[in-house]
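Quick note, my numbering runs 774 ahead of the 1-based positions in the sequence shown.
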Amino acid sequence: MVIKKRARTQKLRDFIFFPLRAITLHDRDRWGLTSLASERFDYVAREITGYCLDVGCGKNNRFINEYCGGHGKGIDVYPYEGLLDENIISDMSQFPFGDASFDSITFIANLNHIPRSLRDIELKEAFRCLRPSGNIIVTMGNPLAEILVHKVVHWHDKFFGTNYDMDAERGMDEEEEYYLTDSEIIKRLSLAGFNNISKKYFLTQWGLNHLFVAWKPK
775 MVIKKRARTQ KLRDFIFFPL RAITLHDRDR WGLTSLASER FDYVAREITG
825 YCLDVGCGKN NRFINEYCGG HGKGIDVYPY EGLLDENIIS DMSQFPFGDA
875 SFDSITFIAN LNHIPRSLRD IELKEAFRCL RPSGNIIVTM GNPLAEILVH
925 KVVHWHDKFF GTNYDMDAER GMDEEEEYYL TDSEIIKRLS LAGFNNISKK
975 YFLTQWGLNH LFVAWKPK
């Protein structure tokens with residue numbers, strides 16, 4: 775499996791210019807800098823242990839295709855640009871995969887966009903689909919940063935005529951939220967059966983974004 779990663783010099787540039795990236799680089803890399811979306815994928819890719827399921831994969835199934843070398847599956851409820859029929863799952867309460875089908879499962883910047891009444895159901899489905907000793911990775915930003923980034927992306931699209939705001943394209947459900955607290959994420963992961971939960975900060979985003987890694991017992 776080929777995992778796409780950033781060089782150390784790139785990480786240093788990204789750290790120094792984080793404020794500029796936070797305002798202008800939401801989706802794609804430019805000016806020799808890494809976008810926030812690409813950066814999330816980079817941090818998550820380090821935690822993948824093998825064949826991966828990316829839940830809420832978004833446009834072009836990008837994490838699986840670009841950061842996992844196609845070694846996995848991406849699923850979403852919305853037909854974003856670049857997704858195939860096989861990527862679209864209308865009922866996320868039942869993943870169309872057998873037990874223990876994946877080594878890793880990811881929820882990248884989207885657990886908060888799963889309606890509250892379905893979050894535990896989807897996490898339990900993730901648990902079912904993971905092999906024993908497999909891991910789940912969930913990313914979530916600092917609450918203030920999440921709200922500000924959503925607002926910046928919204929106004930960037932409105933002013934420049936871009937289309938970075940996937941939430942606006944799809945529409946926000948009344949049970950969705952802009953962020954989840956760390957305590958809620960940990961509680962829901964534990965309830966689904968995961969253990970050994972750890973938190974890791976995105977240092978090149980000045981610690982304003984982070985991820986949780988949790989494991990399915992042997």
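Even for Gly, the Cβ is constructed at its ideal location relative to N, Cα and C.
- Trp989 counts as buried, since no fewer than 16 other beta carbons sit within 10 angstroms of its beta carbon.
- The beta-carbon separation of Cys826 and Thr913, rounded to 14 angstroms, does not stay under the 8 angstroms limit for a contact.
- Three or more beta-carbon pairs separated by less than 8 angstroms link the segment 880-891 to the segment 828-842, which places the two stretches in contact.
- For Tyr852, the closest alpha carbon among the candidates Ile895, Asn835, Arg814 and Leu922 is that of Asn835.
- With a contact defined as Cβ atoms closer than 8 angstroms, Ser875 and Cys903 qualify at about 5 angstroms.
- Between Ala900 and the set Glu949, Tyr953, Asp956 and Ser964, the nearest pair of CA atoms involves Ser964.
- With respect to Gly824, Ile838 sits apart: the two C-beta atoms are not nearer than 8 angstroms.
- Between Leu799 and Glu813, the alpha-carbon positions lie close to 10 angstroms from each other.
- Rounded to the nearest angstrom, the gap between the Cα atoms of Arg820 and Val987 is 11 angstroms.
- Secondary-structure assignment with DSSP links Phe986 through a beta bridge to Val912 and Lys973.
- Rounded to the nearest angstrom, the gap between the Cα atoms of His845 and Ile822 is 11 angstroms.
- Comparing alpha carbon positions, the residue from Asp850, Leu985 and Lys779 closest to Ile863 is Asp850.
- As computed with DSSP, Thr783 is found in no beta bridge at all.
- Counting only residues of its own chain and dropping the five nearest sequence neighbours on each side, Asn983 has a CB closer than 6 angstroms to the CB of Gly915 and Phe976.
- According to the DSSP secondary-structure assignment, Leu807 is paired through a beta bridge with Arg804.
- Here DSSP, grouped into helix, strand and coil, assigns Phe968 to coil.
- Shortest Cα-Cα distance from Leu897 to any of Glu958, Asn861, Tyr854 and Gln979 involves Glu958.
- Cβ-Cβ distances below 7 angstroms link Asn970 to Ala988 and Trp989 in the same chain, with the five nearest sequence neighbours on each side left out; the list follows chain order.
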